[in-house]
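Trainee: Take this structure first; my questions come after.
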Amino acid sequence: MSSAVLGVPAPALPIDLLRQFDVPGPRYTSYPTADRFAEAFGADDYLQALRERRDASAQAGPLSLYVHIPFCESLCYYCACNKVVTRHRERGRQYLAYLAREIELQAAQLGRGATVSQLHLGGGSPTFLDDQELGELAALLHRSFSFERGGERSIEIDPRTVDAQRLSNLAALGFNRLSFGVQDFDPAVQQAVHRVQPASQVFSLMAAARALGFESINVDLIYGLPRQNDASFERTLAQIRELRPDRIALYAYAHLPERFKPQRRILAEELPDAAGRVRMLARAIDVLTQAGYVYIGMDHFALPDDPLAVAKRHGRLLRDFQGYGTRPDGDLIALGVSAIGRVGATYSQNAKTLDEYYDRLDRGLLPVVRGLALSRDDLLRRAVIMALMCRGRVDFDAMGEALAVDFRHYFATEFAALGPLAACGMVRLSDHDVTVTEQGWFLVRAVAMVFDRYARANRTRFSRVV
């Protein structure tokens with residue numbers, strides 16, 4: 001197994017290799033990806049999946065919960081999330097009332113008291129809800145589910161919406177992991193994307209969070225934003241090294257104004273060119289690995305003693321709609337507008353607009369409006385893609401035995417397609433296995449795409465690998 005897969009900082013990544021694989025591709029938080037979801041899969045199909053899980057409760061593992069809070073006080077121009085920009089605080093309370101209805105409907109099908117090992121609040125900005133409302137949401141969840149001791153309780157934080165007291169209140173509610181949305185520390189870049197937040201504010205919040213004993217703190221960064229350049233991004237990286245969060249998520253900005261209306265406010269001429277983006281990514285990899293961070297995969301870094309890095313070293317890394325994780329692979333119950341869940345061999349997504357979400361709940365219906373029941377081929381390919389994304393290796397005989405297929409025969413086309421990746425040093429290929437190399441690990445999406453039956457014909461919908 002490669003040193004990168006084992007969690008050892010990797011050598012510098014050649015810029016030529018980054019340029020070669022700067023193509024659109026899925027992020028593989030699921031396989032098949034959400035663009036394959038269809039309205040032919042609806043609430044009745046999801047109900048059936050919930051009932052099957054309930055009937056097999058003795059074999060079912062703990063659940064994960066995701067709650068989507070869509071509201072933001074101001075618009076960030078780069079954003080491609082499902083959000084509602086408003087300063088009307090009463091909209092949060094209305095939304096909470098409808099979340100209560102959905103939680104009740106879900107719990108009625110699952111059976112009350114289903115065990116939960118993970119909870120994640122995302123958005124939007126979950127901290128749009130005030131502390132009382134967040135407390136009410138926590139109480140709603142605890143009335144319907146049974147939370148494991150020591151489980152993960154994470155929440156995404158807009159630094160502009162919290163102070164030390166709010167962080168203390170979140171800790172009192174049981175949250176033990178935070179993710180701060182930083183994106184970039186440069187004032188000119190912040191102005192260009194309409195997200196101004198002084199670095200001093202983030203440093204102060206980080207100190208407060210550490211004093212309160214939060215177990216893991218993540219910081220989100222984005223490269224490829226307007227007005228970013230080599231010098232400005234170098235300064236941001238230096239500040240991140242000083243801040244030293246436990247985890248770093250480094251995303252490539254995907255400029256798709258035809259799909260995401262807020263991005264139309266970004267001036268295309270202010271965006272760094274492809275060569276500039278590649279240089280920024282290469283420099284970030286160098287700086288962060290030299291600072292002691294382990295590259296987890298898919299733009300994620302963690303300090304060596306963080307549970308994410310430990311899971312990587314021991315081959316226990318997993319991947320779901322929230323990205324990389326450490327908990328056993330299992331079902332994800334999604335709550336709120338646009339939220340995506342996974343139950344058994346199905347994916348489901350709630351209504352994307354508040355009006356439709358509210359309307360379905362007013363009629364006593366679960367708000368699932370589309371999804372997918374996975375075929376056997378989907379399940380086979382998902383197992384291979386997730387093995388590559390999480391462990392960086394596929395043993396053909398072991399995988400074939402686990403999946404009850406002749407691996408070399410079933411994936412003969414894909415096996416041949418791995419040849420060019422081996423030739424350029426992305427993978428090591430033998431008659432028995434394929435292993436992602438140190439260099440290939442930074443572009444593992446490109447390796448996984450070899451086994452993706454759908455992506456070849458629909459790449460333009462995805463962000464770029466670099």
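Read in order, the letters of the sequence shown correspond to residues 1 to 466 in the working numbering.
All residues carry an ideal CB built from backbone N, CA and C; glycine is no exception.
Predicted model only: the values in this text are computed from it and were never measured.
What residues in its chain sit with their C-beta under 7 angstroms from that of Phe415, if we drop five residues either side in the sequence?
Mentor: Arg408
Trainee: Closest Cβ-Cβ distance between Leu379 and chain D: below 7 angstroms?
Mentor: Checking the listed chains, one finds no chain D in this structure; it contains a single protein chain.
Trainee: Note down the Cα distance separating Gly292 from Gly315, rounded to an integer number of angstroms.
Mentor: 20 angstroms
Trainee: Indicate whether Ser375 and Lys352 have their beta-carbon atoms separated by less than 7 angstroms.
Mentor: no
Trainee: Any heavy atom of the ligand FAD closer than 6 angstroms to the CB of Ala334?
Mentor: As presented, the structure is devoid of all ligands, the ligand FAD included, so that no description of it is given.
Trainee: At 4 residues or longer, and completely inside the stretch 182-213: list those alpha helix (DSSP H) runs for me, N to C.
Mentor: 187-192, 199-212
Trainee: Note down the Cα distance separating Leu250 from Ile285, rounded to an integer number of angstroms.
Mentor: 10 angstroms
Trainee: In this structure, how does DSSP classify Ile103 when only helix, strand and coil are distinguished?
Mentor: In this structure, DSSP gives Ile103 a helical state, which the three-state scheme calls helix.
Trainee: Curious, which full-length beta strand (DSSP E) runs of at least 3 residues does the stretch 301-328 contain?
Mentor: 318-320, 323-325
Trainee: Do the CB positions of Thr115 and Ser64 come within less than 7 angstroms of each other?
Mentor: no
Trainee: Rank Ile15, Ala107, Leu243 by C-alpha distance to the C-alpha of Arg51 and give the top, closest one.
Mentor: Ala107
Trainee: Kindly indicate which three-state DSSP category Leu75 falls into: helix, strand or coil?
Mentor: coil
Trainee: Taking the straight line between their C-alpha atoms, what separation do you get for Arg381 and Val162?
Mentor: Rounded to the nearest angstrom, the two C-alpha atoms are 42 angstroms apart.
Trainee: Going along the chain, which unbroken runs of the alpha helix (DSSP H) with 4 or more residues stay wholly within the stretch 80-145?
Mentor: 90-110, 131-144
Trainee: Taking the alpha carbon of Asp320 as the point to measure from, which residue in Arg143, Leu303, Ala334 has its own alpha carbon closest?
Mentor: Minimum Cα distance to Asp320 is reached at Ala334.
Trainee: Excluding the 5 residues preceding and the 5 following Gln228 in the sequence, name in chain order all residues of the same chain whose CB lies nearer than 6 angstroms to its CB.
Mentor: Taking Gln228 as the centre and dropping the five residues before and after it, the same chain places the C-beta of Val189, Pro272 closer than 6 angstroms to its C-beta, in chain order.
Trainee: As an exercise, report each continuous alpha helix (DSSP H) stretch of at least 4 residues that is fully enclosed by the stretch 384-440, in chain order.
Mentor: 396-403, 407-410, 412-423
Trainee: Quick one, are the C-beta atoms of Ala38 and Arg370 less than 7 angstroms apart?
Mentor: Yes, Cβ-Cβ distance for Ala38 and Arg370 is below 7 angstroms.
Trainee: Quick one: what's got a C-beta closer than 8 angstroms to Gly344's C-beta in the same chain, skipping five residues either side?
Mentor: The beta carbon of Gly344 sits closer than 8 angstroms to those of Ala49, Glu52, Arg53, Asp331, all from its chain and outside the five residues before and after it, given in chain order.
Trainee: Would you say the stretch 74-92 touches the stretch 21-31, given that touching needs at least three Cβ pairs under 8 angstroms?
Mentor: no
Trainee: Helix, strand or coil for Val447 per DSSP?
Mentor: helix
Trainee: For Thr326 versus Pro304, is the C-beta spacing smaller than 7 angstroms?
Mentor: no
Trainee: Grab the span of the beta strand (DSSP E) containing Asp299 for me, first residue to last.
Mentor: Segment: none, Asp299 is in no beta strand (DSSP E) and carries neither H nor E.
Trainee: Starting from Gly371, trace the alpha helix (DSSP H) both ways and give me its first and last residue.
Mentor: Gly371 -> not in any alpha helix (DSSP H); beta strand (DSSP E) instead, spanning 368-373.
Trainee: DSSP beta-bridge partners for Ser57?
Mentor: In the DSSP output, where bridge partners are listed per residue, Ser57 has none listed.
Trainee: Buried or exposed: Gln349, going by 16 or more other Cβ atoms within 10 Å of its Cβ?
Mentor: Buried, because 16 or more other Cβ atoms sit within 10 Å of the Cβ of Gln349.
Trainee: Given a cut-off of 7 angstroms, decide if Val193 and Tyr66 are closer than it, judged by their beta-carbon atoms.
Mentor: no
Trainee: Label Ser74 either buried or exposed according to how many other C-beta atoms from any shown protein chain fall within 10 Å of its C-beta, with 16 as the threshold for buried.
Mentor: By the neighbour-count definition (other C-beta atoms within 10 Å, threshold 16), Ser74 is an exposed residue.
Trainee: At what residues does the beta strand (DSSP E) containing Val343 begin and finish?
Mentor: 340-343
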